[in-house]
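Participant:
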Amino acid sequence: MSKNIKLCKGLDIKLAGKAEAVVENAPMAKSYAVSPLDYENVTPKLLVKVGDKVEVGTALFFDKKDPRILFTSPVSGVVSAINRGEKRKLLNVAIEPDQTQVVKELKVVDAKADRSAIVEMLLESGLWTRIVERPYGVIANPDAEPKAIFVSAFDSAPLAPDYNFVLQNDKAAVEAGLAVLARLTNGKVHLSARKGDEGYMSEVKGVEYHTFSGKHPVGNVGVQIHHIDRIAKGDVVWTVNIQDVALIGRFVTTGKLDMTKVIAVAGSEAQKPCYKRIIAGAAVESIVGKVDAKVRIISGDVLTGVKTAHDGYISAGANMLSLIPEGDVYELLGWAMPRFHRFSVSRAYFSWLCPKKEYKLDTNLNGGERPFVVTGLYENYLPMDVYVAYLLKAILVKDLDKMENLGIYEVLPEDLALCEFVDPSKIEMQQIVRDGINLMIKES
Amino acid sequence: MGLRNLVDKIKPTFSEGGKLGFLHSTFEGFETFLFVPNTTTSKGAHIRDCNDIKRVMIVVVVALLPALLFGMYNIGYQAGIEGILPAFWFGFLKMLPMIIVSYVTGLAIEFAFAQKRKHEINEGFLVSGLLIPMVMPISVPLWIVALSTAFAVIIGKEVFGGTGMNVFNPALLARAFAFFAYTPQMSGESVWYAADGKTGATALEQLSTTGGMEWSAMDAFIGLIPGSVGETSTLAILIGAAILLFTGVASWRIMLSVFVGGLAFGYLFDVVGLTEFPAYYHLLVGGFAFGAVFMATDPVTSAQTNAGKWIYGLMVGALAVLIRVVNPAYPEGMMLSILFMNALAPLIDYFVVERNIARRKKLIKNVK
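As they're listed, the protein sequences go chains E and P.
Residue 1 is where the first sequence starts when you use my numbering, and the numbers rise one by one after that.
Residue 1001 is where the second sequence starts when you use my numbering, and the numbers rise one by one after that.
Pasting the structure below:
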């Protein structure tokens, strides 16, 4: 067992509305959707049309760049809509579920099988799309040989679900999933848990086990990779969310694709913050019930999630829905006021006086966008050897060499979310990093 | 809210296509001053820290107040006015026109540029506009204040692209411009006094010519000595420093290292016999403390990396003392030292960042 890795940088934002440790079964939704927009850099090509009958595991579309990568239906039913946006861009494929679910017969092999057979099984079931490749945070290339695979067993984001609780009865599935992943790399599978809150993770065999302690973003797998085995130019590593590891494990142990998972519904505007058992891609309405129009529903956590709506769907990778108030109000002389109800890391405000307080933060930007002014602040919120402002400026001027030199391979937008949160200049850092990564992909 | 309704009512007039649409940025500047806008996050993090650049800048203004208020009192005290309030009032009336001229000139230019570029108004000048009169001698003519402010804002800031892009500290640039373009009005023995006929060298000048000064170190610390309005009281400046450091607005690394650099060189010169007064005198007289706390720490023009900040600060302090001691023609080294280091800061950062890059490149070799 390796020694604990303690990170000093970061920030835990205490928000009101933490999910209570109760799991409720969400009712079957009226509609489920699979969206290519939940993934980076996917060009979808449809395999179904409206009215087609599908089963759990039926492929709905594939990625034109690699036709082996299939996106499959989480439920059985009828394709009810194919929603398109501007320029006929595919937004999602919606499915109206049947009363009784039928699971497609898929070829299942166990962890002792050939690597190629395992890859084929994961591709066919659509579970391959849950494997993320770094650099760039895209769906893993089936032909790549990753240096290692990293799994973070905890999420440190505000209000994030407690995976020890979510997966408390899934130890066998987690172990089976990790065993499958181990077959995909010649290197190690690294599993990281939070020190002191390790659950059964420390008992898992066949992995390189690490513990971390510190504040958010300590649970971000990118931060963990940086401290375990940094990504250098030319390296390829894969990461898989622990809940998705369990999905993979459940698939190989039961032989049936089952996209049921437990998510957290949290935030100050959640009627009853708790955990819900849902099927991936469920309509938001079925999960949260009635919601006030002045509430922002976020698929994911408040720092990195995607804005969705009452009539939207939970995105494929999301393990929580966050509900917080919209902040579209004016505040008279707000910048000059004490603002006890708002949170700031700066002692120019007063939140340092009550470190235990749980805040009810809204979506107000709290200022206007400005050029880079403050220095030395961002580095305190990214526990990596990366000069944030320099990297962002390199991206803004589209200097590929500099981006490479300053660490574009090591970060994903989510890793800079906290820097974006604290930034008084209100610079859209996650978007800048995303643009930089897309530019790297395009130019490579 | 009545005020909000009024603003909403006149907003269309100033919006694009409105009658006064060309004043869009100006209107927005005033609107966001009155109200934190209702903009919500659209991409990226959905919640944001409530700190913004307005707050950062206003903290600096608050930190400047002790030095400003004491400076006003000191104007009256140096002019020989009896009593605290009368002296303060005298100084207040002398200082107010300078502050107004600096703000009006600078903000007018800032607004015009923001208008032209269709940018939002940047708050940086809230600080610069107050710093400029505070680093001027009290008897400087107002037209020089206006001219040097205009020079600093246009040549020092806007030509580089505005706030955040400038190489030199605008307030110091204003002072340097005034000093070199209008030397007679900026130096000599009479400029430090607001009363006619009163003359005398500053403590810094006395130290540099005679090796001693007519005031005690305590007087210099409290600030009852002639000098630029804001710079005389080390005590008031330290109160400002405490505010800046506590709120985290200014870098403690820079502040500390400037003082360390200055003390070290002051001590060195004292030991080798170039000066005949204790090293800490350097920190009490002239613009050293003011420069260290309010000028050298400007995040835009100083070094941006933590390691760079140490080097930058040490060199600012050391150079300031070096210029003071070695250059007899020009006793105040702080201004030149900071401006010079402003120019060098990107180079310092370059080397720090290169080391980061080297560490990253080393990873590649390890694999092979």
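Yeah, the Cβ is synthetic: ideal placement off N, Cα and C, and Gly gets one too.
Assess, as a yes-or-no matter, whether the region 1260-1271 of chain P is touched by the region 1298-1318 of chain P under the definition of 3 or more beta carbon pairs within less than 8 Å.
Facilitator: Touching, yes.
Participant: Any beta-carbon of chain P closer than 8 Å to the one on E:Ala33?
Facilitator: As a position in the first sequence, residue 33 of chain E is number 33, starting the count at 1. No, no contact with chain P.
Participant: Got a sec, what are the start and stop residues for the alpha helix (DSSP H) P:Asp1008 sits in?
Facilitator: Within the second sequence, the letter at position 8 stands for residue 1008 of chain P. 1002-1014 is the extent of the alpha helix (DSSP H) around P:Asp1008.
Participant: With a cut-off of 8 Å, do at least 3 Cβ pairs link the region 307-327 of chain E to the region 1209-1227 of chain P?
Facilitator: With the cut-off at 8 Å, the region 307-327 of chain E and the region 1209-1227 of chain P do not touch.
Participant: When you compare the CB positions of P:Met1335 and P:Gly1291, do they come within less than 8 Å of one another, or not?
Facilitator: Residue mapping note: residue 1335 of chain P aligns to position 335 of the second sequence, counting from 1. Residue mapping note: residue 1291 of chain P aligns to position 291 of the second sequence, counting from 1. Yes, these two residues count as a Cβ contact at 8 Å.
Participant: Would the beta-carbon of P:Lys1157 fall within 8 Å of that of E:Glu428?
Facilitator: Translated into the one-based positions of the second sequence, residue 1157 of chain P becomes position 157. Translated into the one-based positions of the first sequence, residue 428 of chain E becomes position 428. No.
Participant: What residues from the region 1043-1061 of chain P come within 8 Å of chain E, judged by C-beta to C-beta, listed N to C?
Facilitator: Answer in chain order: Lys1043, Gly1044, Ala1045, His1046, Ile1047, Arg1048, Asp1049, Cys1050, Asn1051, Asp1052, Ile1053, Lys1054, Arg1055, Val1056, Ile1058, Val1059.
Participant: Answer yes if the region 406-416 of chain E comes into contact with the region 1014-1030 of chain P, meaning at least three C-beta pairs across the two stretches below 8 Å, and no otherwise.
Facilitator: No, the region 1014-1030 of chain P is not in contact with the region 406-416 of chain E.
Participant: Quick one: which unbroken beta strand (DSSP E) runs of 3-plus residues sit fully inside the region 65-93 of chain E? Chain order, please.
Facilitator: With a minimum length of 3 residues, the continuous beta strand (DSSP E) runs that stay inside the region 65-93 of chain E are 66-72, 77-84.
Participant: Around the Cβ of P:Leu1006, are there at least 16 other Cβ atoms within 10 angstroms (buried) or fewer (exposed)?
Facilitator: Mapped onto the second sequence, residue 1006 of chain P falls at position 6. Exposed is the call here.
Participant: Is there a Cβ of chain E sitting closer than 8 Å to that of P:Ala1343, yes or no?
Facilitator: Working through the second sequence from its first residue, we reach residue 1343 of chain P at position 343. For P:Ala1343, the answer is no, since every Cβ of chain E falls outside 8 Å of its Cβ.
Participant: Report yes if the CB atom of E:Val386 is closer than 8 Å to the CB atom of E:Gly407, and no otherwise.
Facilitator: For this step, residue 386 of chain E is matched to residue 386 along the first sequence. For this step, residue 407 of chain E is matched to residue 407 along the first sequence. Yes. Within cutoff.
Participant: Below 7 Å CB to CB, which residues in the same chain sit around P:Leu1204 once its five sequence neighbours on both sides are set aside?
Facilitator: The residue you call residue 1204 of chain P lines up with position 204 of the second sequence. The answer, listed in chain order, is Val1285, Gly1286, Pro1331, Glu1332.
Participant: In whole angstroms, what is the alpha-carbon distance linking P:Phe1014 and P:Leu1023?
Facilitator: Your numbering for residue 1014 of chain P matches position 14 in the second sequence. Your numbering for residue 1023 of chain P matches position 23 in the second sequence. Each residue's Cα considered, the two are about 6 Å apart.
Participant: Please list, in chain order, the chain E residues whose beta carbon lies closer than 9 Å to that of P:Asn1166.
Facilitator: As a first step, residue 1166 of chain P must be located in the second sequence, where it is residue number 166. Ordered by position in chain E, no residue passes the 9 Å Cβ test against P:Asn1166, which lies about 10 Å from the chain.
Participant: Does the Cβ-Cβ distance between E:Val456 and E:Val245 come in under 8 Å?
Facilitator: One cannot answer for residue 456 of chain E here, as it falls past the ends of chain E, which runs 1 to 444.
Participant: Taking E:Arg183 as the reference, give the member of E:Ile248, E:Arg115, E:Thr43 with the closest Cα.
Facilitator: Within the first sequence, numbered from 1, the residue matching residue 183 of chain E stands at position 183. Comparing Cα-Cα distances from E:Arg183 to each of E:Ile248, E:Arg115, E:Thr43, the minimum goes to E:Arg115.
Participant: When burial is assigned at 16 or more other CB atoms within 10 Å of the CB, is E:Lys18 buried or exposed?
Facilitator: Taking the first sequence and counting its residues from 1, one reaches residue 18 of chain E at position 18. It counts as buried.
Participant: According to DSSP, simplified to helix, strand and coil, what is E:Pro325?
Facilitator: Walking along the first sequence from the start, residue 325 of chain E turns up at place 325. Note: E:Pro325 maps to strand in three-state DSSP.
Participant: Output the boundary residues of the alpha helix (DSSP H) element that contains E:Leu391.
Facilitator: Taking the first sequence and counting its residues from 1, the one referred to as residue 391 of chain E is at position 391. 388-396 is the extent of the alpha helix (DSSP H) around E:Leu391.
Participant: Hey, out of P:Val1272, P:Ala1289, P:Tyr1182, P:Tyr1193, whose CA is closest to P:Ile1222's CA?
Facilitator: Locating residue 1222 of chain P in the second sequence gives position 222, where the first residue counts as 1. Measuring from the Cα of P:Ile1222, the nearest candidate turns out to be P:Ala1289.
Participant: What did DSSP end up calling P:Trp1215 once you bin it into helix, strand or coil?
Facilitator: Your numbering for residue 1215 of chain P matches position 215 in the second sequence. Note: P:Trp1215 maps to coil in three-state DSSP.
Participant: Keeping to the same chain, check which residues put their C-beta closer than 8 Å to that of E:Val103; ignore five residues upstream and five downstream.
Facilitator: Looking up residue 103 of chain E in the first sequence gives position 103. Excluding sequence neighbours, E:Val103 sits near Glu55, Val56, Gly57, Ser76, Lys256, Leu257, Asp258.
Participant: Might you give, ordered along the chain, the residues of its own chain that have their beta carbon closer than 7 Å to the beta carbon of E:Asp435, omitting 5 neighbours on each side?
Facilitator: Against the first sequence, residue 435 of chain E aligns to sequence position 435. Same-chain partners within the cutoff: Ile395.
Participant: On the CB-based measure, 16 or more other CB atoms within 10 Å of its CB, does E:His216 come out buried or exposed?
Facilitator: Taking the first residue of the first sequence as 1, we reach residue 216 of chain E at position 216. E:His216 should be labelled buried.
Participant: In terms of residue numbering, what span does the beta strand (DSSP E) encompassing E:Arg342 cover?
Facilitator: Stepping through the first sequence from its first residue, residue 342 of chain E is reached at position 342. Looking at the DSSP string, E:Arg342 is not in any beta strand (DSSP E), and its letter there is neither H nor E.
Participant: From the DSSP output, in three-state form, read off P:Lys1157 for me.
Facilitator: Here residue 1157 of chain P refers to the residue found at position 157 when the second sequence is read from its first residue. Residue state, collapsed to three classes: helix.
Participant: Is the separation between the beta-carbon of P:Ser1228 and that of P:Met1136 shorter than 8 Å?
Facilitator: Along the second sequence, one-based indexing puts residue 1228 of chain P at 228. Along the second sequence, one-based indexing puts residue 1136 of chain P at 136. Their beta carbons are under 8 Å apart, which means P:Ser1228 touches P:Met1136 by this criterion.
Participant: Beta-carbon within less than 8 Å of P:Met1057's beta-carbon, same chain only, minus the 5 sequence neighbours each way: which residues are those?
Facilitator: In the second sequence, counting from the first residue as 1, residue 1057 of chain P sits at position 57. Result list for P:Met1057: Glu1123, Gly1124, Leu1126, Val1127, in chain order.
Participant: Mind listing which residues of the region 1156-1186 of chain P have their C-beta closer than 9 Å to chain E's C-betas, in chain order?
Facilitator: From the region 1156-1186 of chain P, only Gly1161, Gly1162, Thr1163, Gly1164, Met1165 have a Cβ closer than 9 Å to chain E.
Participant: Should E:Cys354 be labelled buried (16 or more other beta-carbon atoms within 10 Å of its own) or exposed?
Facilitator: For the purposes of this step, residue 354 of chain E is taken as the residue at position 354 of the first sequence. Its Cβ having fewer than 16 others within 10 Å, E:Cys354 is exposed.
Participant: At least one CB of chain P closer than 8 Å to the CB of E:Pro44: is that the case?
Facilitator: In the first sequence, counting from the first residue as 1, residue 44 of chain E sits at position 44. False, the Cβ-Cβ gap to chain P never drops below 8 Å.
Participant: On the DSSP bridge list, what partners appear for E:Asn319?
Facilitator: Numbered from its first residue, the first sequence carries residue 319 of chain E at position 319. None, per the DSSP bridge assignment.
Participant: Does the contact criterion of 3 or more C-beta pairs under 8 Å hold for the region 320-337 of chain E versus the region 359-370 of chain E?
Facilitator: Short answer: they touch.
Participant: Compare the Cα-Cα distances from P:Ser1251 to each of P:Thr1275, P:Phe1265, P:Ala1296, P:Leu1268 and report the closest residue.
Facilitator: Locating residue 1251 of chain P in the second sequence gives position 251, where the first residue counts as 1. It is P:Ala1296.
Participant: Since P:Ile1239 and P:Ala1174 should fall inside the 8 Å C-beta cutoff, what is the C-beta to C-beta distance between them, to a whole number of angstroms?
Facilitator: Position 239 of the second sequence, counting from 1, holds the residue named residue 1239 of chain P. Position 174 of the second sequence, counting from 1, holds the residue named residue 1174 of chain P. The Cβ separation is near 24 Å, so there is no contact.
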